[in-house]
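Working notes, beginning with the structure itself.
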Amino acid sequence: MHKVYTHVERIAGNVVTVRATDVSYRELAQIETRYGTSLAQVIRLEGGRVDLQVFAGGRGISTDAKVRFLRHTMQVPFSESLLGRVFTGSGAPRDRGPSIHENLIPIGGPSVNPARRIIPRRMVRTGIPMIDVFNTLVESQKLPVFSVAGEPYNPLLARIALQAEVDIIILGGMGLKHDDYLFFRDLLEEQGALSRSVLFIHTAADPTVECLLAPDISLAVAEQFALQGKRVLVLLTDMTNFADALKEIAITMEQIPSNRGYPGDLYSQLAARYEKAVDFDTAGSITILAVTTMPGDDVTHPVPDNTGYITEGQFYLRNGRIEPFGSLSRLKQLVNSRTREDHRGIMNTMVQLYAAFKETLEKQSMGFRMSAWDSKLLKYGERFEREMMDLSVNIPLEKALDLGWRILADCFDPEETGLPTKLTQKFWPKRADAGAAA
Amino acid sequence: MSENIGKIVGVNGNLITVEFEKPVIQNEVAFALSGDLRLKAEVIRLRGRYAELQVFEDTTGLKEGDRVEFTGDLLAVELGPGLLTQVFDGLQNPLPQLAEQCGFFLQRGKYLEALPRDREWLFTPKVRHGARVTAGEALGAVPEGIFEHRIMVPFGLRGAWTVEEIAAKGPRKVTDVVARLKNEEGETREARLMQTWPVKVPIRAYAERLAPTQPLTTKIRIVDTLFPVARGGTYCIPGPFGAGKTVLQQLTSRYADVDIVIIAACGERAGEVVETLREFPELTDPRTGKSLMERTLIICNTSSMPVAAREASVYTAVTIAEYYRQMGLHALLLADSTSRWAQALREMSGRLEEIPGEEAFPAYLESVIAAFYERGGVVKLKDGSTGSVTIGGTVSPAGGNFEEPVTQSTLKVVGAFHGLSRERSDQRRYPAIHPLESWSKYDGIVKREQVEFARRILRQGNEISQMMKVVGEEGTSIEDFVVYLKAEYLDAVYLQQDAFHEVDAATPAERQQYVFERIHKILKTPLAFENKDAARRFFQRLTQTTRDWNRVAQGTDEFQALEQRIEKMIEEAADYA
Ligand SMILES: Nc1ncnc2c1ncn2[C@@H]1O[C@H](COP(=O)(O)OP(=O)(O)O)[C@@H](O)[C@H]1O
Ligand SMILES: [Mg+2]
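So the sequence lines, in the order shown, correspond to chains U and H.
Taking this note's numbering, the leading residue of the first sequence gets 1, the next gets one more, and so forth.
Taking this note's numbering, the leading residue of the second sequence gets 1, the next gets one more, and so forth.
Encoded structure:
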């Protein structure tokens, strides 16, 4: 029988303090409150006092609340029966299905030994030229969408998830709006993908601490599927809410903040989650696509900033388009040498020319005379935005590369592009083709 | 020695508070015991009966009352043959062997010996019975891959010692005694193939420290030509995320003209280390014809590995670099990223509730960084040969803003600054080293006056481009416009370099000298054009041809043909009026 403690010494925010012995660091406890029973986790031991972070929050806890330690850390059940189900951030059923208790596994487990990782080599095709051509997504990549609130980041996430050829989709929602949760669930259902998905949803109405658990639970389950050889895609939206939950708790714990109130270990905390993305040498893989909303459209805000240092690139979503500047896939060079020989050339040149177009736009807005070169750039930029950047474009990589050549040929002479002569000799469309296609 | 046992009275993240009775040493290693677990820790503060320890592992499951075993030893590494080609974590555990034992995941509390114990090395003595030796002098040598690995008098020995016994030529294991030494007081010491050394203490068993004067070629043009690194020098690469710090270091680890490369992957992505890990064994080192891995050693403490071991990892790396320097070799330490190590210091300082400095970094950050870079340097060894440790560290400033404590503290102590710019990386002008803001105090490989001239063109080009933003192209004279185009040309064909092209990725020193000589001539040649459009068209063609030239191997017919084409183009546009 577990001993029950009934004397709570201190309650501050979500953290309660009790005097207890023989308690281990990070162990779970059950705490009975006026509103029911909540789980809590040991976050500090000090001279006989135990600080517990209460998942349901501190509200309603009385000083004589019953605290019972459970002798284990946070766990989640793992089995095939998770598929098609929806749970809360702490793993309780959110749909009407039964709760699952079989095969409990710990969450937040140790990191993969780097010696057992392999170099990712498989491209994930999305049909979006801004991704496939310019910032190719790669299996096992960890990559967030950076965007301001209001951008269609969740639809983008869902679109990629449904296009990608993966075995399992796991959605971790943090501070998700209820409407967005329904959007994901219904879309997965409509497209027949719900039966290979598991959803762990913390909504804005749920307790903060559960927001912290959602990514860990999602990733722990993903890891088990990957170890069984499955290719798993994990969607995490929105990691800024996760970081804000960390901040809230750090402040309650009176930790010294490092940058705009965020704790000094924000980087390590985010990294511990994102680094779960992996390609195992003899099993499956985990790819992580996340959303990081940027307060005030500021990339230097601590959350996007720390995230950018951790993830393998980012898609910068702005005005409904994936911007070529600021967007990056660090793994693209692992795959784009084996797609088509003109892939890298097109990728670099088109962005360089787009940068030149932006400069020309600036000149134009200042009222300067447009040179012949400027006029070419203006024509180019307009077509690039309309035919490549627009998110409604949905074409395979090869078609997108062909389109790239056509746009270039319609706007420039070969040597104006800076492309290697070898490539232009082989790929530059003949006048007639260009005319026909235009 | 009797056991020194303490007892845990507090756990806060990876900081534990331990009550002790017998004397405890600051920075000594201890083990926290919990069930079957033995978690390595280091004493970082002592107050009365209480010691505070940082645990190098996840502390889940520790309890008040759990025992802590103090070892009396400082955190140390094993030094000896068999280090090269290995992949260690921050505490020098060999990761591949760990994977063999534990599978996919790291397992806390599992510590393996860094050097293989059963492997035999062919030992050849270098001293005779009766020889007088001091710390760091060679007693013998064993072949380690492509190097002669010196077996040296233990670095910790003070004063002069006489060789009482020395092993004959033959196979020896790292733990075998190969020499017995005696000093005037009659004390005796044994020397083995391996020795251990505390990581936070520099190895100083050399004759004198020299100034770094020899260039270290990286085969990256903008570095070697404009902002050179010296053997035994120090340099830093600050830059916002995605600007190209890691790619630069990966290129350098491949192509740098040094004997040994030590990669300290400190607190960043595991995937990036995997690239090195899996590719280097397959790549041949043009200097030796052997696999690149033979000169490489990786210390891998990536971002999701224990935070406290990040700090240890950079010290482990620099200690091993110093060890090879003692053999008269040139070692290069690449640390990516030093900011993660600084953040680990910050996390610990926060838990200790120390008074925070700027951005909550501890007040001693600056001196810690300075002391670390001080461990780089060229030294003259006791046998007259020289060795060096070059240190290149990346810095990951918050928000990409260089006005932050880690960048600023680093800039104060290093000899070269390769500042990466977001603007350049957005424009895909790689490597994104800013040509006007970066600097180096070292001498490079091309003629100084040529470099100065090129810098002047870059500066002028930048000023003109700024002016054009105000007055437009129409308000700019054609002479100025051509200077601007020349600056852009220099940038496009020389400063920019394609890291993923087999030829362009690495430009050897001789080719840099050869090409820069010609580019310099082009920059000096007065050029006349009818109008600006004609000038722009000319430079577009010239740029394309010169870039084609960069992509072909020197000494081929194509190389010559392209060079002649470039000359002809210049000839036609030259204005000798
Ligand atoms: N020299 C280069 N040549 C071509 N591409 C580069 C170069 N440097 C960086 N990149 C591109 O930028 C990406 C990010 O570079 P990386 O070195 O990982 O940045 P950082 O370490 O500064 O965050 C790379 O994955 C690559 O796509
Ligand atoms: Mg990097």
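No residue lacks a Cβ here, since even glycine has one placed at the ideal position from N, Cα and C.
From a predicted model like this one, the values you see are computed outputs, not experimental measurements.
For this session: Flag residue 224(H) as yes when its Cβ comes closer than 7 Å to any non-hydrogen atom of ligand 1, and as no otherwise.
Result: Within the second sequence, numbered from 1, the residue matching residue 224(H) stands at position 224. Not so, every heavy atom of ligand 1 lies at least 7 Å from the Cβ.
Problem set entry | Exposure label - residue 459(H); buried when at least 16 CB within 10 Å | As a position in the second sequence, residue 459(H) is number 459, starting the count at 1. Classification for residue 459(H): exposed.
Exercise. Of all the CB atoms in chain H, is at least one closer than 8 Å to the CB of residue 64(U)?
Worked result: In the first sequence, residue 64(U) corresponds to position 64, counting from 1. Judged by the 8 Å Cβ criterion, residue 64(U) is not in contact with chain H.
Exercise. Are residue 319(H) and residue 85(H) close, meaning C-beta to C-beta below 8 Å?
Worked result: Looking up residue 319(H) in the second sequence gives position 319. Looking up residue 85(H) in the second sequence gives position 85. Contact: no.
Exercise. Would you say the region 259 to 275 of chain H touches the region 488 to 501 of chain H, given that touching needs at least three Cβ pairs under 8 Å?
Worked result: Too few Cβ pairs lie closer than 8 Å, so no.
For this session: Taking a Cβ distance cut-off of 9 Å, strictly less, list which residues of the region 537 to 554 of chain H are near chain U, in chain order.
Result: 537, 540, 541, 543, 544, 545, 547, 548, 551
Exercise. In chain U, what lies closer than 9 Å to residue 426(H) by C-beta?
Worked result: By 1-based counting over the second sequence, the position of residue 426(H) is 426. Within 9 Å Cβ-Cβ: 324, 325, 326, 351, 355.
Exercise. Going along chain U, which residues have a C-beta under 7 Å from residue 305(H)?
Worked result: Stepping through the second sequence from its first residue, residue 305(H) is reached at position 305. Going along chain U in sequence order, the residues near residue 305(H) (Cβ under 7 Å) are 111.
Exercise. Helix, strand or coil: which one does DSSP assign to residue 46(U)?
Worked result: Taking the first residue of the first sequence as position 1, residue 46(U) is located at position 46. Three-state DSSP puts residue 46(U) in a strand.
Exercise. Say the cut is 7 Å; is the CB of residue 239(H) nearer than that to a heavy atom of ligand 1?
Worked result: Along the second sequence, one-based indexing puts residue 239(H) at 239. Because some heavy atom of ligand 1 lies under 7 Å away, the Cβ of residue 239(H) counts as near it: yes.
For this session: Tell me where the beta strand (DSSP E) around residue 34(H) begins and ends.
Result: Position 34 of the second sequence, counting from 1, holds the residue named residue 34(H). Per DSSP, the unbroken beta strand (DSSP E) holding residue 34(H) starts and ends at 28 to 34.
Problem set entry | Three-way DSSP call (helix, strand, coil) for residue 149(H) in this model | Here residue 149(H) refers to the residue found at position 149 of the second sequence. Residue 149(H): strand per DSSP, three-state reduction.
For this session: Name the residue from 561(H), 105(H), 235(H), 285(H) whose alpha carbon lies nearest to the alpha carbon of residue 337(H).
Result: As a position in the second sequence, residue 337(H) is number 337, starting the count at 1. Cα-wise, what sits closest to residue 337(H) is 235(H).
Problem set entry | residue 308(U) (DSSP reduced to helix, strand or coil) | Position 308 of the first sequence holds residue 308(U). If DSSP states are grouped into helix, strand and coil, residue 308(U) belongs with the helices.
For this session: Run down chain U in chain order and give the residues with a C-beta less than 9 Å from the C-beta of residue 59(H).
Result: The count along the second sequence starts at 1 and reaches residue 59(H) at position 59. Within chain U, the residues near residue 59(H) are 25, 26.
Exercise. Is the CB of residue 274(H) under 8 Å away from at least one CB in chain B?
Worked result: In the structure shown, chain B cannot be found, because the protein chains are U and H.
Problem set entry | Complete beta strand (DSSP E) runs within the region 258 to 297 of chain H (minimum length 3 residues, chain order) | The DSSP assignment places complete beta strand (DSSP E) segments of no fewer than 3 residues inside the region 258 to 297 of chain H at 260 to 266, in order along the chain.
Problem set entry | Short Cβ contact (8 Å threshold) for residue 113(U) with residue 105(H) | Locating residue 113(U) in the first sequence gives position 113, counting from the first residue. Locating residue 105(H) in the second sequence gives position 105, counting from the first residue. Contact: yes.
Problem set entry | Beta bridge counterpart(s) of residue 17(U) as assigned by DSSP | By 1-based counting over the first sequence, the position of residue 17(U) is 17. For residue 17(U), which the question treats as bridged, DSSP gives the partners 10(U), 51(U).
Problem set entry | ligand 2 site residues, beta-carbon cut 5 Å against heavy atoms | 245(H), 246(H)
For this session: Would you decide whether residue 438(U) is buried or exposed? Buried here means 16 or more other CB atoms lie within 10 Å of its CB.
Result: Stepping through the first sequence from its first residue, residue 438(U) is reached at position 438. In this predicted model, residue 438(U) has a pLDDT of only 36, less than 50, meaning its place in the structure is not dependable enough to derive any value.
For this session: Assign residue 303(H) to buried or exposed, taking buried as 16 or more other Cβ atoms, counted over all protein chains shown, within 10 Å of its Cβ.
Result: Reading the second sequence from its first residue, position 303 is the one you call residue 303(H). Under this definition residue 303(H) is a buried residue.
Exercise. If we ignore side chains and look at the alpha-carbon of each, how far apart do residue 410(U) and residue 347(U) end up?
Worked result: Indexing the first sequence from 1 puts residue 410(U) at position 410. Indexing the first sequence from 1 puts residue 347(U) at position 347. In this structure, the alpha-carbon of residue 410(U) lies about 17 Å from that of residue 347(U).
Exercise. In whole angstroms, what separates the C-alpha of residue 434(U) from that of residue 324(U)?
Worked result: Position 434 of the first sequence holds residue 434(U). Position 324 of the first sequence holds residue 324(U). Below a pLDDT of 50, predicted positions are generally treated as unreliable, and residue 434(U), at 46, falls in that range; no measurement from the model is reported.
For this session: Can you have a look at residue 299(H) and say buried or exposed, based on whether 16 or more other CB atoms are within 10 angstroms of its CB?
Result: Here residue 299(H) refers to the residue found at position 299 when the second sequence is read from its first residue. Burial call: buried.
Problem set entry | Interfacial residues, the region 276 to 308 of chain H to chain U, with Cβ spacing under 8 Å | 277, 278, 279, 300, 302, 303, 304, 305, 307
For this session: Report the neighbours of residue 300(U) on chain H: residues whose CB is nearer than 9 Å to its CB, in chain order.
Result: For the purposes of this step, residue 300(U) is identified with residue 300 of the first sequence, where counting begins at 1. Residues of chain H whose Cβ lies closer than 9 Å to the Cβ of residue 300(U) are, in chain order, 240, 398, 399, 400, 401.
Exercise. So, residue 87(U) versus residue 200(U), is the Cβ gap smaller than 8 Å?
Worked result: If you number the first sequence from 1, residue 87(U) lands on position 87. If you number the first sequence from 1, residue 200(U) lands on position 200. A contact, by the Cβ cut-off of 8 Å.
Exercise. Helix, strand or coil for residue 165(H) per DSSP?
Worked result: Looking up residue 165(H) in the second sequence gives position 165. Of the three classes helix, strand and coil, the one that applies to residue 165(H) here is strand, per DSSP.
Problem set entry | Minimum Cβ-Cβ distance from residue 443(H) to chain U less than 8 Å | Walking along the second sequence from the start, residue 443(H) turns up at place 443. No, its Cβ sits nowhere closer than 8 Å to a Cβ of chain U.
Exercise. Residues in its own chain within less than 6 Å of residue 59(U) by CB, not counting five upstream and five downstream?
Worked result: To locate residue 59(U), count along the first sequence from 1; it is residue 59. There are no such residues.
For this session: Please work out which residues of its chain come closer than 7 Å, Cβ to Cβ, to residue 182(H), disregarding the five sequence neighbours upstream and downstream, and give them in chain order.
Result: Here residue 182(H) refers to the residue found at position 182 of the second sequence. The answer, listed in chain order, is 161, 162, 164, 188.
Problem set entry | Against chain U: residues of the region 308 to 340 of chain H by CB proximity under 7 Å | none
Exercise. Starting from residue 580(H) and walking both ways along the beta strand (DSSP E), at which residues does that stretch end?
Worked result: Lying before the first or after the last residue shown, residue 580(H) is absent from chain H, which here runs from 1 to 577.
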